[in-house]
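**Student:** For the sequence shown, UniProt numbering begins at 1 and goes up steadily by one.
Note that the Cβ used here is the ideal one computed from N, Cα and C, for glycine as well.
Since this is a predicted model, take the numbers as computed values, not measurements.
My questions will all concern the structure given below.
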Amino acid sequence: MTKHGTARNRGLAAELKALRARAELTTRQVAKRVGMSIATLNRMENALREITAEDVAALLAVYGVTGADRARILVLARNANLSGWRETDGDGLPLHVRALTSFESDAARIVNSAMLRIPGFLQTAAYMRTALISVGFPADKRKEMVAARLERQQVLFKRNPPDYVAIIDEAALRRTTGSRELMAEQCQHIIHMADRPNVDIRIIPFDHGSHPGLDGSFIQLDFTKGESIVYLELIQSSMFLDAVHEVRPYCETTDSLMKVALSSAESVKFLRRLVSAYGRE
């Protein structure tokens, strides 16, 4: 992996691009102020070259970033060449949300292996709110979290969207979150999403037995340029894996799960039966 291909460097690039947009400055204006070419700045913002701490300090000065945010971003810049990226979250939005949103937007294919909950890209707002309440997520932050998840979902509707594969264990669909009516609406929403040409829903029924996915849920992000990245969401923390030897087992697990899961058409039929089951008294 090249140095600029790490998850940290990709995340740093996305953050710098967002800060420039927030400052309402063009790449031409910024490049002139910091004394670099427009091409160099563009490559930095697209994670196509290494970003040094000195470059970042100069850009943050132009963007007016100070205090704790400046210190955090500079730490990220100094560690940008390290493989792997783990963050411990506070009471609000996970620190990785901005980077994950950027990665999902850039990805050619996103695979969501979901064993215990409905994948975030397929959740209804009602399901999101109920799930957040069930894990004790702070009430004053729920609205912000739901809005962030709904915004992430929009990547599936953009022009030239990524291919999205959701591999869902039956347990995630059977475990009632909220009411039976809510679950029926959630399953119907997944059926609706399955109609999109870039969305592939694959269900693994209980009667297909044990499988490699039971070791844990994950998101696999494949890119046209650069190596794949895996995202893991843990309790009070999250992690990106970008080293080839760490990502490979997850890619192999994805291949195995696609063989175990129902076909796309059979998965939709399975969901329709679930909608009927949830609709019964």
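Extract the residue ranges of the beta strand (DSSP E) inside the region 213-270, only unbroken runs of 3 or more that lie entirely within it.
**Tutor:** Taking only runs of at least 3 residues, the beta strand (DSSP E) segments lying wholly in the region 213-270 are 218-222, 229-234 and 237-241.
**Student:** What residue does the beta strand (DSSP E) around aspartate 140 start on, and which one ends it?
**Tutor:** Element bounds for aspartate 140: not the beta strand (DSSP E) but the alpha helix (DSSP H), 139-153.
**Student:** Do arginine 152 and alanine 131 count as a contact pair if the criterion is CB distance below 8 Å?
**Tutor:** Cβ atoms of alanine 131 and arginine 152: not closer than 8 Å.
**Student:** On the DSSP bridge list, what partners appear for aspartate 169?
**Tutor:** Aspartate 169 is bridged to Ile204.
**Student:** Can you give me the Cβ contacts of threonine 2 inside the same chain, cut-off strictly under 7 Å, excluding the 5 residues immediately before and after it?
**Tutor:** Annotation note: pLDDT 48 at threonine 2 (below 50); position unreliable, no value reported.
**Student:** Based on the DSSP output, what are the partners of tyrosine 164 in its beta bridges?
**Tutor:** Beta-bridge pairing links tyrosine 164 to Ile110 and Val199.
**Student:** Count the other CB atoms within 10 Å of the CB of isoleucine 167; is the residue buried (16 or more) or exposed (fewer)?
**Tutor:** That one is buried.
**Student:** Identify whether glutamate 50 lies in helix, strand or coil by the three-state DSSP scheme.
**Tutor:** Coil at glutamate 50, not helix or strand.
**Student:** Opposite arginine 86 in the DSSP bridges: which residues?
**Tutor:** DSSP lists Met239 as partners of arginine 86.
**Student:** Measure the C-alpha to C-alpha separation of proline 138 and asparagine 112 and round it to an integer number of angstroms.
**Tutor:** Between proline 138 and asparagine 112, the C-alpha separation is close to 26 Å.
**Student:** Nearest-angstrom Cα distance between alanine 114 and leucine 234?
**Tutor:** Those two C-alpha atoms are separated by around 13 Å.
**Student:** Tell me the residue span of the alpha helix (DSSP H) that contains alanine 80.
**Tutor:** Here alanine 80 belongs to no alpha helix (DSSP H), and DSSP marks it neither H nor E.
**Student:** In whole angstroms, give me the CA-to-CA distance for glutamate 50 and arginine 129.
**Tutor:** One C-alpha to the other measures close to 39 Å.
**Student:** Quick one: give me the first and last residue of the alpha helix (DSSP H) that glutamine 186 is part of.
**Tutor:** Where glutamine 186 is concerned, the enclosing alpha helix (DSSP H) stretches over 180-194.
**Student:** I believe isoleucine 203 touches glutamate 170 by the beta-carbon criterion, under 8 Å. Please report the beta-carbon distance rounded to the nearest angstrom.
**Tutor:** Indeed, because the Cβ distance is near 7 Å, the residues count as touching under 8 Å.
**Student:** So what's threonine 6 in DSSP terms, helix, strand or just coil?
**Tutor:** In this structure, threonine 6 counts as coil in the three-state DSSP scheme.
**Student:** Quick check: what's the CA-CA separation for leucine 74 versus phenylalanine 103?
**Tutor:** In a straight line, the C-alpha of leucine 74 is about 20 Å away from that of phenylalanine 103.
**Student:** For the 8 Å Cβ check, are there 3 or more pairs between the region 212-220 and the region 179-195?
**Tutor:** At 8 Å Cβ cutoff, the stretches do not touch.
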